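In terms of this note's numbering, the sequence shown has 476 at position 141, counting the first letter as 1, and numbering is strictly consecutive.
Ideal Cβ placement from N, Cα and C applies to all residues, glycine included.
As the structure is a computational prediction, the values presented were derived from the model and not from experiment.
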Amino acid sequence: MRNTFLITLALIGIASCIQAQEVSKHALGLRFGGNDGIGTEINYQLGLGDNNRIEFGLGWNDGDGFAAYKITALYEWVFNLDGNFNWYAGVGGGLGQVVFGNSYPGDPDNETFFFMAGDIGVEYDFDIPLLISLDFRPELGFGDFIDDLDFNIALALRYQFN
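Below you can see the structure in the form of structure tokens.
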């Protein structure tokens with residue numbers, strides 16, 4: 336009986352310390368980074384509740400001898416750290432394509448690939464409708480050319496609206 340009381344008291348204490356940060360219904364912006372070779376993304380976040388959202392990204396890179404495109408979707412949970420400062424984590428995946436030019440070394444075939452991704456980051460929600468974030472996104476690719484683990488670090492700026 337005593338253990339049940341102590342466990343209940345501990346759970347109530349932990350629950351009272353947890354603060355949910357309400358996420359914006361809509362956020363649209365750019366995500367700058369792309370260590371995976373894709374580059375900048377047009378990024379959209381759709382708030383699903385007080386502390387979760389879906390994030391969509393369309394990335395592209397028109398490189399020297401190739402062009403690459405990637406569509407990403409992530410489900411994210413947002414947790415408050417302090418005031419307007421949050422951290423978030425999520426999972427998801429996407430689909431992409433690499434189109435090689437004739438001048439690309441080795442003359443590989445064009446490729447469509449899919450990938451699984453995780454996401455963890457921090458964000459600051461300004462009192463104006465601006466959201467700035469820094470995140471780390473490991474991606475596991477499944478294809479002939481894109482078939483490894485890539486690490487994607489990016490800075491994002493988004494305009495929030497309801």
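How should Asn487 be labelled, buried or exposed, when 16 other C-beta atoms within 10 angstroms of its C-beta is the threshold for buried? Taking the sequence shown and counting its residues from 1, one reaches residue 487 at position 152. The residue in question, Asn487, is buried, as its Cβ has 16 or more Cβ neighbours within 10 Å.
Assign Ile347 to one of three DSSP states: helix, strand, or coil. Looking up residue 347 in the sequence shown gives position 12. Confidence at Ile347 is low in this model, with a pLDDT of 47, below 50, so its placement is unreliable and no value can be given for it.
Do Phe449 and Ile481 have their CB atoms nearer than 7 Å? Along the sequence shown, read from residue 1 onward, the residue named residue 449 stands at position 114. Along the sequence shown, read from residue 1 onward, the residue named residue 481 stands at position 146. No, the pair does not count as a contact, with Cβ atoms beyond the cut-off.
Determine the burial state of Gln354: buried for a count of at least 16 other Cβ atoms within 10 Å of its Cβ, exposed for fewer. Position 19 of the sequence shown, counted from the start, is the residue given in the question as residue 354. Unreliable positioning characterises Gln354 in this predicted model, as indicated by a pLDDT of 45, which lies under 50. The coordinate reading is nonetheless provided below. Under this definition Gln354 is an exposed residue.
Leaving out five residues on either side along the sequence, give the residues of the same chain with a beta carbon under 6 Å from the beta carbon of Ala402. Here residue 402 refers to the residue found at position 67 when the sequence shown is read from its first residue. Val434.
With a 10 Å radius around its C-beta and 16 neighbouring C-beta atoms as the bar for buried, classify Gly392 as buried or exposed. Stepping through the sequence shown from its first residue, residue 392 is reached at position 57. By the neighbour-count rule (16 or more Cβ atoms within 10 Å), Gly392 is buried.
Given that a residue counts as buried once 16 or more other Cβ atoms are within 10 Å of its Cβ, and exposed if not, what is Tyr454? Here residue 454 refers to the residue found at position 119 when the sequence shown is read from its first residue. The question names Tyr, but residue 454 is Asp in the sequence shown. The residue is buried, with at least 16 neighbouring Cβ atoms inside 10 Å.
Which word fits Asp463, buried or exposed, when buried means at least 16 other C-beta atoms lie within 10 angstroms of its C-beta? As a working mapping, residue 463 is identified with position 128 in the sequence shown. In the sequence as presented, Asp is not what sits at residue 463; that position holds Ile. When all chains shown are included, Ile463 counts as exposed.
To the nearest angstrom, how far is it from the Cα of Asp408 to the Cα of Asn497? For the purposes of this step, residue 408 is taken as residue 73 along the sequence shown, with counting starting at 1. For the purposes of this step, residue 497 is taken as residue 162 along the sequence shown, with counting starting at 1. First, the amino acid is wrong: residue 408 is Ala here, not Asp. Roughly 20 Å separates the two Cα atoms.
Taking buried to mean at least 16 other C-beta atoms within 10 Å of its own C-beta, is Ser438 buried or exposed? The sequence position of residue 438 within the sequence shown is 103, counting from 1. That one is exposed.
Do you know offhand how far Val426's Cα is from Glu411's? On the sequence shown, residue 426 is found 91 positions in, with the first residue counted as 1. On the sequence shown, residue 411 is found 76 positions in, with the first residue counted as 1. Approximately 7 Å between the Cα atoms of the pair.
Once DSSP output is grouped into helix, strand and coil, what is the label at Val358? Counting from 1 along the sequence shown, the entry for residue 358 is found at position 23. Coil.
DSSP three-state assignment for Ile373, whether helix, strand or coil: Locating residue 373 in the sequence shown gives position 38, where the first residue counts as 1. Coil at Ile373, not helix or strand.
Classify Phe496 as helix, strand or coil using the three-state DSSP reduction. Your numbering for residue 496 matches position 161 in the sequence shown. Strand, per DSSP.
Would you mind reading off the limits of the beta strand (DSSP E) that contains Phe461? Counting from one through the sequence shown, the residue named residue 461 turns up at place 126. Here Phe461 belongs to no beta strand (DSSP E), and DSSP marks it neither H nor E.
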